[in-house]
Amino acid sequence: MSQSGTGNVGSPDPVAEDERRPSEAAEQVEERPPSPEIDISKPHIARMYDYYLGGKHNYAIDRQTAEQFLKAWPEAPIGARLNRRFLIESVRWLAQEAGIRQFFDIGSGLPTQQNVHEVAQSVAKDSRVVYVDNDPLVRVHADVLLATDPNTIFLTGDLREPEELLGRPELRDHLDLSKPVALLLVAVLQFIEDNQQAYDIVKTLCDALPAGSYLVLSHPLKDESVEQALAVYRRANIGGRSRTEEEIRRFFDGLTPVGCGLARAAEWTPPDGITQSDNVIPLGDPEAFKKMPGMFGIARIDR
Ligand SMILES: C[S@@+](CC[C@H](N)C(=O)[O-])C[C@H]1O[C@@H](n2cnc3c(N)ncnc32)[C@H](O)[C@@H]1O
413 MSQSGTGNVG SPDPVAEDER RPSEAAEQVE ERPPSPEIDI SKPHIARMYD YYLGGKHNYA
473 IDRQTAEQFL KAWPEAPIGA RLNRRFLIES VRWLAQEAGI RQFFDIGSGL PTQQNVHEVA
533 QSVAKDSRVV YVDNDPLVRV HADVLLATDP NTIFLTGDLR EPEELLGRPE LRDHLDLSKP
593 VALLLVAVLQ FIEDNQQAYD IVKTLCDALP AGSYLVLSHP LKDESVEQAL AVYRRANIGG
653 RSRTEEEIRR FFDGLTPVGC GLARAAEWTP PDGITQSDNV IPLGDPEAFK KMPGMFGIAR
713 IDR
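As numbered in the numbering used here, residues 413 to 715 make up the sequence shown, in order.
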């Protein structure tokens, strides 16, 4: 989940003013985290991603590190919006055309416009969603946003421990794992740096889902600017890596790609070819996003 569209979810907002754009001096405002477990001495992935999307769920340390990242890769905010559009279009297609009613979104991020449960439930009210993230601030916002939605839950958890996640009673109570599920791993696998560990995680999760389930995946593609930008993350002990096209394609081994399959970010289209989210996620200069170094795709689990 990240951004200002649903930023008005209540008291957790870290800044007093409405909207903060990169390079604004937000540091003038004293920032108090909404809970003592929120560490504002170190940058966090979810909060920096929120900053790229123009959101306000971020702190001075996040904005400073994000600004260094943007020096190396100024197009990152367009990449973040393109990624959100992919997520929205995928969920809309899965709910509308593939009849999916269960979504398991790991590395869900902070609440933003058109969160997964909102998109899925706008197609089918009874769609059930489990969000997972390892960032405590995401839980704070999710608790507020989801308080009145019995069909959506949030779990604090780690993608690095897929068996633990799959064994959680809350997950099993909320989703029926004998029925198809859409597993969303959107812009999160880059934080699992070891290739084999990342492939094993995806396989463990997919193996736990029945035939007719889907994997939705996006991943940054190896590229000079992305590498320089990710070096900022590594220096800040956040980690993260890009992968080559071949390395990203391996995530789809044994699965059935749908529509255009795994495609370059700017070339991906929903399997039914209908793009509805342009008005929600304006992408800016089309020339800039044409070169966006990322891959997007949906695959079905058939067995
Ligand atoms: C770049 S954001 C992507 C958010 C959302 N999936 C999207 O595409 O808009 C990555 C998210 O993954 C979360 N994350 C990173 N590593 C994780 C891990 N090992 N387990 C769970 N969440 C993780 C971060 O906290 C962050 O919220």
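Ideal Cβ placement from N, Cα and C applies to all residues, glycine included.
Note that the structure is a prediction, hence the values are computed from the model and not measured.
Where residue i sits in the DSSP three-state scheme
i: leucine 506; result: helix
i: glutamine 640; result: helix
i: aspartate 555; result: helix
i: leucine 567; result: strand
i: threonine 668; result: strand
i: methionine 704; result: coil
i: glutamine 525; result: coil
i: alanine 536; result: coil
i: tyrosine 769; result: No answer is possible for residue 769: the residues shown for the chain start at 413 and end at 715.
i: glycine 651; result: coil
i: alanine 437; result: Reliability of the predicted coordinates at alanine 437 is poor, the pLDDT of 47 falling under 50, and no value is obtained from them.
i: tyrosine 543; result: strand
i: isoleucine 512; result: coil
Any non-hydrogen atom of ligand 3 within 7 angstroms of residue i CB
i: glycine 519; result: Summarising the ligand content, the structure contains ligand 1 and does not contain ligand 3.
Expected contact under 8 angstroms - CB spacing of residue i and residue j to nearest Å
i: aspartate 561; j: glycine 519; result: 20 angstroms between Cβ atoms; not a contact.
i: alanine 492; j: tyrosine 464; result: 4 angstroms
i: proline 705; j: leucine 633; result: 4 angstroms
i: alanine 594; j: isoleucine 660; result: About 19 angstroms; that fails the 8 angstroms criterion.
i: isoleucine 490; j: isoleucine 473; result: With 8 angstroms as the limit, isoleucine 490 and isoleucine 473 do not qualify as a contact, their Cβ atoms being about 24 angstroms apart.
i: valine 550; j: leucine 587; result: The Cβ separation is near 19 angstroms, so there is no contact.
i: isoleucine 713; j: cysteine 618; result: 5 angstroms
i: serine 654; j: leucine 667; result: That belief does not hold up - the Cβ atoms of serine 654 and leucine 667 are roughly 21 angstroms apart, past 8 angstroms.
i: serine 502; j: proline 669; result: Contact doesn't hold; Cβ gap of about 13 angstroms is too wide.
For residue i, the nearest candidate out of the options (CA to CA)
i: aspartate 461; options: Phe664, Leu578, Ala532 and Leu494; result: Strictly speaking, residue 461 in this sequence is tyrosine, with aspartate absent from that position. The shortest Cα separation from tyrosine 461 among Phe664, Leu578, Ala532 and Leu494 belongs to Leu494.
i: arginine 572; options: Arg676, Lys591, Phe603 and Ala536; result: Phe603
i: proline 458; options: Val598, Glu487 and Arg661; result: The amino acid at residue 458 is misidentified as proline; the sequence shows alanine. Looking at the Cα atoms, Val598 is the closest of the given residues.
i: valine 600; options: His586, Arg584, Val628 and Cys618; result: Val628
i: phenylalanine 378; options: Phe481, Leu522, Gly709 and Cys672; result: Residue 378 lies beyond the residue range present for the chain, which begins at 413 and ends at 715; the question has no answer from this structure.
i: valine 614; options: Pro455, Arg497, Leu578 and His469; result: Leu578
i: serine 630; options: Arg647, Leu583, Ile500 and Ala510; result: Ile500
i: alanine 711; options: Ala472, Phe481 and Trp505; result: Trp505
i: valine 541; options: Ile490, Leu567 and Glu479; result: Leu567
i: tyrosine 645; options: His469, Glu605 and Val552; result: Glu605
i: phenylalanine 515; options: Lys703, Gln526, Gly521 and Ser539; result: Ser539
i: glycine 685; options: Phe498, Asn563, Gln476 and Lys537; result: Phe498
i: valine 556; options: Asp619, Pro446 and Thr616; result: Pro446
i: alanine 700; options: Glu658, Glu487, Gly652 and Thr656; result: Glu487
i: proline 448; options: Val552, Glu575 and Thr477; result: Val552
i: leucine 583; options: Ala620, Thr656 and Cys672; result: Ala620
**Request:** Write down every uninterrupted run of the alpha helix (DSSP H) in the segment 588-637 whose length is 4 residues or greater and which is fully enclosed by it, in chain order.
**Result:** Taking only runs of at least 4 residues, the alpha helix (DSSP H) segments lying wholly in the segment 588-637 are 607-619.
**Prompt:** At a cut of 8 angstroms, does the segment 668-684 reach the segment 634-649 through at least three beta carbon pairs?
**Reply:** Here the segment 668-684 makes no contact with the segment 634-649; the two share fewer than three CB pairs at distances below 8 angstroms.
**Any 3 or more C-beta pairs closer than 8 angstroms across the segment 531-546 and the segment 611-629** = Contact fails between the segment 531-546 and the segment 611-629, because fewer than three Cβ pairs, one in each stretch, are under 8 angstroms apart.
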